[in-house]
Amino acid sequence: MKRPHHGDISRFNEWASTYDHPLGQFFFDRIHRPVVEALLANGGDPSCVVDVGCGTGRLLEKIQPRLPGAELIGVDPAEGMLAVARRRFQGRARVRFKLGTADRLPLDDAIAEVVTTTLSFHHWGEQEAALREVVRVLRPGGRLILADILGIGIVGRILRGAERGHGSGYRDTAEMTRLLRGAGFSSWRSRRLFGPLVPVFLVEASRRAAH
2 MKRPHHGDIS RFNEWASTYD HPLGQFFFDR IHRPVVEALL ANGGDPSCVV DVGCGTGRLL
62 EKIQPRLPGA ELIGVDPAEG MLAVARRRFQ GRARVRFKLG TADRLPLDDA IAEVVTTTLS
122 FHHWGEQEAA LREVVRVLRP GGRLILADIL GIGIVGRILR GAERGHGSGY RDTAEMTRLL
182 RGAGFSSWRS RRLFGPLVPV FLVEASRRAA H
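212 is the number that the working numbering gives the last residue of the sequence shown; the numbers go up by one with no jumps.
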């Protein structure tokens, strides 16, 4: 499932200065909200959260007030996006950003209890390798919370058929199951975040616990 992503990175670098336009962020806010809710569900109080494809840091900005004692790490391949994110968090402790792709996360093993990613997965050039990297940086029993466009339903199948343009890794249910199991996740579940014509899903997966 190797897919070129250099064009995507260039587009996001160009987009960085206007990425936080209010109209676009209204849509992102509606996705970030259930991600934060899932992160905090069942008394969740992680000490470290990694956001892969963090962009300008908007999701981490929503997480920080809810987890003021946690270390928050954002990773993104677009230097322009990270420049905006660093300005957003200037002077705030326990938040750091790193340049890197999802398939080569610049992080130590077993560093986080939770990895989040929103509307980034379909841009990952090496999805299999990237999910293995997510498992590597998660502690045993840690969770992946992924919100993204999947190739499910009429619109999702149309996007899968296009396989070009703004991202191309739109996976259906069978492919997601194979990818997650192959990477080392023991279980996963998904739910649709919008109506049937908007194929954005929230996926929650758990890394296998240590024996």
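Quick reminder that beta carbons are idealized off the backbone N, C-alpha and C, glycines included.
Every beta strand (DSSP E) stretch that sits fully inside the stretch 79 to 156 and reaches 3 residues is listed by chain position as 96 to 100, 113 to 119, 139 to 150. A residue is called buried once 16 or more other Cβ atoms fall within 10 Å of its Cβ, and alanine 211, having fewer, is exposed. The criterion of a C-beta distance shorter than 8 Å is not satisfied by glutamate 129 and leucine 160. Going by beta carbons, leucine 194 and isoleucine 32 fall inside the 8 Å limit. For leucine 61, the enclosing alpha helix (DSSP H) covers residues 59 to 64. Alanine 39 is classed as buried because its beta carbon has at least 16 other beta carbons within 10 Å across all chains shown.
If you keep only unbroken beta strand (DSSP E) runs of at least 3 residues inside the stretch 164 to 207, you get 186 to 193. Where leucine 73 is concerned, the enclosing beta strand (DSSP E) starts and stops at 72 to 77. In this structure, the beta-carbon distance from serine 121 to valine 50 does not fall below 8 Å.
Counting C-beta atoms within 10 angstroms of its own C-beta, alanine 17 has 16 or more neighbours from the protein chains shown and is therefore classed as buried. Taking C-beta separations shorter than 7 Å and ignoring five residues to either side along the sequence, the partners of leucine 83 in its chain run Asp77, Phe98, Leu100, following chain order. Isoleucine 64 is not a Cβ neighbour of leucine 108, given a cutoff of 8 Å. The Cβ-Cβ distance between valine 135 and alanine 111 does not fall below 8 Å. In this structure, glycine 58 sits away from alanine 103, with a CB-CB distance that is not shorter than 8 Å.
Between valine 36 and threonine 117 the beta-carbon gap is near 6 Å, inside 8 Å, which marks them as a contact.
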